[in-house]
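One structure below.
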Amino acid sequence: MEVEPVIQVRDLELRYGETAILRNVSFDVRRGEIFGILGGSGCGKSTLLKHLFGLLRPYSGSIVVEGVELAGNHGNALERLRSKIGVLFQSGALISSMCVAENVALPIQEHTRLPRPITDTMVLLKLQMVDLSGFEHYFPEELSGGMRKRAALARAMALDPEILFFDEPSAGLDPVTAAELDHLILTINRSLNTTMVIVTHDLDSIFAVVDRAVLLDKNTRGILAEGDPRILRDSSEHEAVRRFFHRKP
């Protein structure tokens, strides 16, 4: 049975000023899957991701997330949608002047009017999920790179989002720490059925967690391939696809 799409992208064109970044981009993200946006540097991966969660508006085309057309909604529907998504930025984007617990509490305080004791309980539960129990009063600068990523993930999960967006989650991490984060991402997806969209070019992470992906191409400014990355690696007849998945120049 075909799983319903939670994100629908149709005929998308993205530009910075007069410069076209991507053209004629169309794909679906199915509910509960881990979907990858792949490609080399400068192909528009992070730009596309920012459009998918509404940080940027497309030049043309449509993006529908949970039935909400991002380009056409600026009222209650869009605000309700934002409470259903979480974002893990490449840097983590934790506020350095706040401790871990305060960072995780921010989305709860922004989108709800829950009393302080309930907020505190939610924060502790999210930190437990990412194996950071006992670190709630630490400041970001006191944490390792991997711990900062996990704290940022706890904040992204604060409101139990239906969709999580990740921008290069393993960037800057050593291989062991990156593998631990991959395992955590996979555990959250499988246990909570959270839909995830991940921008990455880390092949180990791609083959470890991604169910299906689009491979973007800098030269054509579009989608070069779509599907299970393991099948694309083993079966694609397109030279550029093979080069990407086998790390060949």
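428 is the number that the working numbering gives to position 224 of the sequence shown; each next residue is one higher, with no gaps. We put the beta carbon where it would ideally sit given N, CA and C, even for glycine. What you are looking at is a predicted structure, and each value in this text was computed from that prediction instead of being measured.
In the DSSP assignment, Arg219 is bridged to Ala224. By a beta-carbon distance limit of 8 Å, Gly248 contacts Ile225. Their separation comes to about 4 Å. In the displayed model, Gln212 falls within a strand according to three-state DSSP.
Taking 8 Å as the cut-off, the Cβ atoms of Val308 and Val291 do not count as close. Under the three-state reduction of DSSP, Asp408 is assigned to helix. With 16 or more other CB atoms across the displayed protein chains lying within 10 angstroms of its CB, Ser409 is buried. Secondary structure in the region 273 to 321: the alpha helix (DSSP H) runs of 4 residues or longer, each lying completely within the stretch, are 280 to 286 and 304 to 315 in chain order. When only Cα atoms are considered, Cys303 and Glu237 end up about 32 Å apart. Non-local beta-carbon contacts of Arg219 in its own chain, meaning distances under 8 Å to residues more than five positions away in sequence, involve Ile225 and Tyr263 in chain order.
At a Cβ-Cβ threshold of 8 Å, Arg451 and Leu407 count as neighbours. When the five nearest sequence neighbours on each side are left out, the beta carbons in the same chain lying within less than 7 Å of the beta carbon of Phe411 are those of Pro433 and Arg434, in order along the chain. Gly338 counts as exposed, since fewer than 16 other C-beta atoms from the protein chains shown sit within 10 angstroms of its C-beta. Gln294 and Ser439 have their C-alpha atoms some 31 Å from each other. Classified as exposed, Ser300 has fewer than 16 neighbouring CB atoms from the shown chains inside 10 Å of its CB. Remark: C-beta atoms of Val418 and Ile427 approach each other more closely than 8 Å.
DSSP lists no bridge partner for Val445. Comparing alpha-carbon positions, the option among Arg234, Arg235 and Ile289 lying closest to Lys254 turns out to be Ile289. Here Thr399 is buried. Its C-beta has 16 or more other C-beta atoms within 10 Å. For Ser250, the enclosing alpha helix (DSSP H) starts and ends at Lys249 to Leu256. Its Cα nearest to that of Ala375, the residue Gly296 stands out among Ala429, Gly296 and Val269. Taking a C-beta distance under 8 Å as the contact criterion, Asp364 and Val403 do not qualify as a contact pair.
Taking a cut-off of 8 Å on C-beta distances, the region 382 to 402 touches the region 349 to 365, as three or more cross pairs fall below it.
Comparing C-alpha distances from Pro311 to each of Leu357, Glu283 and Ala362 shows the shortest one belongs to Ala362. Taken atom to atom, the span from the alpha-carbon of Arg214 to that of Pro344 is near 39 Å. In the three-state DSSP reduction, Gly338 falls in the coil class, being neither helix nor strand. In the three-state scheme derived from DSSP, where H, G and I count as helix and E and B as strand, Ala362 is classed as coil.
Along the region 416 to 444, the beta strand (DSSP E) occurs as fully enclosed runs of 3 or more residues at 416 to 421 and 426 to 431, listed in sequence order.
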